[in-house]
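According to the working numbering, the sequence shown is numbered sequentially starting from 6.
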Amino acid sequence: PFSRTDATMRRPGIPWRRAEDRLGPEMWQILMRGVGYEGKPFSDFREFADAFVQAAQTAGPPPRESRRKRRQEQRRRAQALAQQARAAARLGQWGRVAELAGHALRLNPKDAEARQWLRRATRVLGGEAPEAAPASRRRATPRRRYAAALLAIVALAAAVGGGIWALTRPHSAAPATAAPTPRPTEVQRPTATATPVIVIAPTDTPRPTVAPTAAEIPTDTPTPPASTPTPTQAPTRTPQPPTLTPTATHALHPAPTLLSPPNEMHFEPQEAIVLRWTDVGPLADDEWYVVRIPHERGEEVGVTRDTQWQVPAYVWLLRPPSGRLFWSVSVRVRASEGIPGNADLWPAAGAESAPRSFVWLAGTRTPTPTPTP
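See below:
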C-alpha cells in the first residue's frame, strides 16, 4: 500500500502537507476515510492521489472552532519538533536538526527557537563551527500570568499598608501634650480689655467756683496778646457743648453764632486765619470768650473779650495730615487761680457754639515773628 509520504513525494505539485495543515487532523482523517485509505490498499499511488484531491476540493473550509484547535495543535507540534531538534543538536546530528526545524517552521512560522536551530544547522552544514545551544524560551502560560499578577497585587497592598501605618503610628499621642498650652493666654485677655477704659473726661467735672475779689477785676478791656499755651495730653476730640451750671451771680448767655471763616474754607500756609463770631451781649468783668481748637497733640485754647481771634501761626505745625481743624466759641467765667492755658476748664456761662472746620493746606511756611504784647 501507498502512504501519504509516498504520494507526496511521487506527485510533485500536489501540496499534501499544506492541505493537511490547512484542513486539520480531524478533517484529514475524514478525507482519508472518504477515499478509502483505511483498510484498503491502493494498487497505484495515482488512484489514491486522485481520490484524495477530489475529496479535498469538495470538502470546503473547516469551521472556526476547528481552525482554532488546528492552530493550537500546530504550535504544540512545532514546539515538540523544536525540542527534538535541540536533542539532535546535542548528539551532533545537524542534518536531523535541519529537517526537524524546517518541519516545525512549516507548522508555525513564528516559532523563534525552530528558526534559530535551522539557522545554526545551515551554518554547521556549510562548514562553520557549531555555536552554543540557544536558551529555550519558556512561554508565559495563563497560570504563570495569574501568579505574576497575584504577586504584584500582594506587593502593592503591602506598600499601601506600610505607608498608612507609617503615617498613623508616630503622631497619635504627640498633640495631646501640646493641647493645654494655649490656655494661659486666654487668662490674659481680660487685661487687654481693661486698657480702653476712658478716664480722660475732665470736661464734665467742674472745678470749685471761687467768688472773684475786687483786686482781680480788670480795669481795662484791651485784647490780651496771643500767648503760647501748653497743649494738654488729651487725644484729639470734637468740641462738645458743656453741661455745667453757672454760678448764681452770672446769667446764661446764648451760644455765639460763628460768622467767618465759612465752614470747610481752605487757607494757604502763609495766610493768617481770623475767627469771628456774633456778640452775645454785655459780658461781666470776669467773663471771657474762650475759643477751642482740638488737634492731634491736645487742644489750642484762646481767650479774648472781643468777637474775633487770630489763630497762632504755630498751630499750622499741629494740624493733622488732612489739614482740617475744628473750632468753637463759648463764654466762660474766669476763676481766680485760672490761667489762659486752662480756660477750657473754667465754669461755663452759656452754651457753646456748634463747631466749624477749616483746612490749613500743606506747603512751605516761612516763620514769622510772634508779636509782643
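Glycine included, every Cβ here is placed at the ideal spot set by N, Cα and C.
- In the structure shown, Ile158 falls within a helical segment according to DSSP collapsed to helix, strand and coil.
- Leu112: member of the alpha helix (DSSP H) spanning Trp99 to Leu112, first to last residue.
- Judged by DSSP secondary structure, Val129 falls within the alpha helix (DSSP H) whose first and last residues are Ala117 to Leu130.
- In its chain, beyond the 5 residues on either side, Gln313 and Gln315 have a beta carbon closer than 6 Å to the beta carbon of Val279.
- Per the coordinates, the alpha-carbon of Leu105 lies some 34 Å from the alpha-carbon of Ala152.
- Taken atom to atom, the span from the alpha-carbon of Leu130 to that of Trp99 is near 7 Å.
- In the structure shown, the three-state DSSP call for Gln275 is coil.
- Under the three-state reduction of DSSP, Trp351 is assigned to coil, being neither helix nor strand.
- A distance of 8 Å or more separates the beta carbons of Ala119 and Ala126.
- When the beta-carbon positions are compared, Ala289 and Gly355 stay at least 8 Å from each other.
- Bridge pairing for Ile169: absent [DSSP].
- For a cut-off of 8 Å, the C-beta gap from Leu323 to Glu301 is around 7 Å, short enough to register as a contact.
- Judged by beta-carbon spacing, Ala348 lies within the 8 Å limit of Arg337, meaning their Cβ atoms are closer than that value.
- Close CB contacts of Ala154 within its chain, under the 8 Å cut and outside five residues either way in sequence, are absent.
- Going by beta carbons, Val320 and Val308 fall outside the 8 Å limit.
- Shortest Cα-Cα distance from Glu292 to any of Ala340, Val159 and Trp282 involves Ala340.
- Counted as a single uninterrupted DSSP element, the stretch harbouring Leu323 is not any beta strand (DSSP E), since DSSP gives it neither H nor E.
- Under DSSP, Tyr294 forms a beta bridge with Thr309 and Val336.
- As the crow flies, the alpha-carbon of Val306 is around 22 Å from that of Ala367.
- Classified as exposed, Val159 has fewer than 16 neighbouring CB atoms from the shown chains inside 10 Å of its CB.
- Here Arg149 is exposed. Its C-beta has fewer than 16 other C-beta atoms within 10 Å.
- DSSP places Ser362 inside the beta strand (DSSP E), whose first and last residues are Arg361 to Trp365.
- The C-beta separation of Ala83 from Leu112 comes to about 4 Å, placing the pair in contact by the 8 Å criterion.
- Using a Cβ distance threshold of 8 Å, Leu263 and Ser358 count as a contacting pair.
- In this structure, DSSP gives Glu304 an extended state, which the three-state scheme calls strand.
- For Leu264, the uninterrupted beta strand (DSSP E) segment begins and ends at Leu263 to Ser265.
- Cα atoms of Val364 and Ala277: separation of roughly 12 Å, rounded to the nearest angstrom.
- Counting only the Cα atoms, Arg75 lies some 19 Å from Gly107.
- In this structure, the alpha-carbon of Pro274 lies about 14 Å from that of Leu330.
- Here DSSP, grouped into helix, strand and coil, assigns Leu280 to strand.
- Looking at Ala157, Val102 and Gly328, the one whose alpha-carbon comes closest to that of Met270 is Gly328.
- A residue is called buried once 16 or more other Cβ atoms fall within 10 Å of its Cβ, and Arg297 is buried on that count.
- Residue burial annotation: Asp284 is exposed, with fewer than 16 other C-beta atoms found within 10 angstroms of its C-beta.
- The residues Glu301, in chain order, have a CB closer than 6 Å to that of Pro325 in the same chain once the five nearest residues on each side in sequence are set aside.
- Counting other Cβ atoms within 10 Å of its Cβ, Asp116 reaches 16 or more and is therefore classed as buried.
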